[in-house]
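*Asks:*
Written out as structure tokens, the structure reads:
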């Protein structure tokens, strides 16, 4: 685990010890909270907003939803990395 944490530069600070040991739980939560169609659409909106510097979700509840999605997406990416690295070590 130390080697994996070194690759992460001793991040992600937002994952609990349990989530670091069992990253599949974080990945499962991500898909429990976001259906695949909405994941694709939100990722597209984030990309479009970044490239075009124009967003349709700049205010209110949509903004809060997008920020929460982004936070979960980063956690998912971190968990997927940890999971993948652990699987490599098992093989």
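In full-length UniProt numbering, the protein residues as written are 1 to 91.
From the three backbone atoms N, C-alpha and C, an ideal C-beta is built for every residue, glycine too.
Keep in mind the model is a prediction, meaning the values are calculated, not measured.
Indicate whether residue 69 and residue 86 have their beta-carbon atoms separated by less than 8 Å.
*Replies:* One-based indexing of the chain shown puts residue 69 at position 69. One-based indexing of the chain shown puts residue 86 at position 86. No, the Cβ-Cβ distance between residue 69 and residue 86 is not below 8 Å.
*Asks:* Give the straight-line distance between the Cα atoms of residue 88 and residue 60, rounded to the nearest whole angstrom.
*Replies:* Position 88 of the chain shown, counted from the start, is the residue given in the question as residue 88. Position 60 of the chain shown, counted from the start, is the residue given in the question as residue 60. Straight-line Cα distance between these residues: approximately 42 Å.
*Asks:* Which class does residue 16 belong to by DSSP, given the choice of helix, strand or coil?
*Replies:* Position 16 of the chain shown, counted from the first residue, corresponds to residue 16. Coil, per DSSP.
*Asks:* Could you round the C-beta distance between residue 26 and residue 15 to whole angstroms and report it? I think they count as a contact, below 8 Å.
*Replies:* Translated into positions along the chain shown, residue 26 becomes position 26. Translated into positions along the chain shown, residue 15 becomes position 15. Sure, about 7 Å apart at Cβ, within 8 Å.
*Asks:* In this structure, does DSSP put residue 73 in helix, strand or coil?
*Replies:* The residue labelled residue 73 in the question sits at position 73 within the chain shown. Residue 73: helix per DSSP, three-state reduction.
*Asks:* Check whether the Cβ atoms of residue 72 and residue 30 sit closer than 8 Å, and answer yes or no.
*Replies:* Numbered from 1 along the chain shown, position 72 holds the residue referred to as residue 72. Numbered from 1 along the chain shown, position 30 holds the residue referred to as residue 30. The answer is yes: Cβ separation under 8 Å.
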